[in-house]
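Single-structure report; data block below.
Residue numbers (this note's numbering): 20 to 426.
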């Protein structure tokens, strides 16, 4: 048994910080009890950990990133560099991510995620819990297609995403992901910013194709995430069973109502939009990407503000890839943008990165400090309820299963 005493406890679900609280962690790394220090008796042989001068909260969750080990913003490099090089770089990224207080991540499109998950789980490398889709799935000519290459070069499994057309192909690709052990399925129901020959407001995949993905995923209890930026593609995704909407640039009132009706989670990824618009030109982002990001930026931030005011569950996700423009380790920037640009309270921004982000994965034992949950925790030198930037700047100790992470 381990006893962790906290100056302030932010449990990920309560609406206020809890002073002078204690966490009991059992030998299996799960939370046994939580309560005021004077009310929770510690076994005489328990190991004591003192964070009474610090704030303790659940380990953070980035619900949208990519673990491909990218070091360039040029999409051509994403195709031509080897997956072995990407995996080697991504092991360093995982260390950086967990050191930054993130104890779980949702990798929504990479060919390295499944192997990285295994390496973390078996203790070969340190890192957060990895929930991965494996490669994402796109229609031909869609957001995940490599538009700048001949089709014969990218058909099948050789591009940045798997291409599938028609309900039968979509169903088969979903079944392949299930066979490989993916934690979720990632699809594209609109165009995007960094895909050359489509646009964010263009819908992709038919209703029948989307349903093929969601039927197969839900049959085995895993969620479906959709890259969806324009309102028609967002609504098609929601009507056909998609669980999480990624990006959501051009939400209209009907799309927001559908999110509430279906209890979908919105993962807006403001951080990458902010970086593309403010610094992208200095980091080799293609001109077409810069232009599309600049056009969408204001609508994107406005959409998130309206969704927040309506009560849509909003999760922290960055879409960070690893290059200097969007480096892993700065993932808590998303919470700062929620507060500064969207008007979230600091507590709601923390929930976005803990209990709400945990909604996007198929496990129910992360994202909150409650009995029965995994003791994934982060201790901060400063209180993020006073200044949310503490999530990025004041990490002291990170715990997985109640034990300090050693790098």
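Yeah, the Cβ is synthetic: ideal placement off N, Cα and C, and Gly gets one too.
Everything numeric in this text was worked out from a predicted model, so none of it was measured.
- Between residue 204 and residue 82, the alpha-carbon positions lie close to 13 Å from each other.
- Secondary structure of residue 122 (DSSP, three-state): strand.
- Restricting attention to 152, 139, 120, the CA atom closest to the CA of residue 130 is found in 152.
- For residue 366, the enclosing alpha helix (DSSP H) begins and ends at 365 to 371.
- In the displayed model, residue 128 falls within coil according to three-state DSSP, outside both helix and strand.
- The Cβ-Cβ distance between residue 92 and residue 342 falls below 7 Å.
- Taken through DSSP and simplified to helix, strand or coil, residue 347 comes out as coil.
- In summary, residue 86 is buried, with 16 or more beta-carbon neighbours lying within 10 Å of its beta-carbon over all protein chains present.
- With a contact defined as Cβ atoms closer than 8 Å, residue 193 and residue 232 qualify at about 5 Å.
- Ranking 42, 56, 58, 65 by CA distance to the CA of residue 20 puts 65 first.
- Around the beta carbon of residue 248, a 10 Å sphere encloses 16 or more other beta carbons of the protein chains shown; the residue is thus reported as buried.
- When C-alpha distances from residue 98 are compared across 42, 164, 144, 50, the shortest belongs to 164.
- Taken through DSSP and simplified to helix, strand or coil, residue 422 comes out as strand.
- Secondary structure note for residue 380: it is in no alpha helix (DSSP H), with a DSSP letter that is neither H nor E.
- Sorting 418, 358, 425 by C-alpha distance to the C-alpha of residue 408 places 358 at the top.
- If you ignore the 5 residues before and after residue 90, its C-beta comes within less than 7 Å of the C-beta of 108, 341, 342, all in its own chain and listed in chain order.
- For residue 198, there are no CB contacts under 8 Å within the same chain when 5 residues up- and downstream are skipped.
- When the Cα atoms are used, residue 367 and residue 35 turn out to be separated by approximately 10 Å.
- Going by C-alpha positions, residue 426 is about 11 Å away from residue 142.
- By the Cβ rule, the segment 296 to 305 does not count as touching the segment 265 to 278, because fewer than three pairs are nearer than 8 Å.
- The beta carbon of residue 84 sits closer than 6 Å to those of 124, 337, 339, all from its chain and outside the five residues before and after it, given in chain order.
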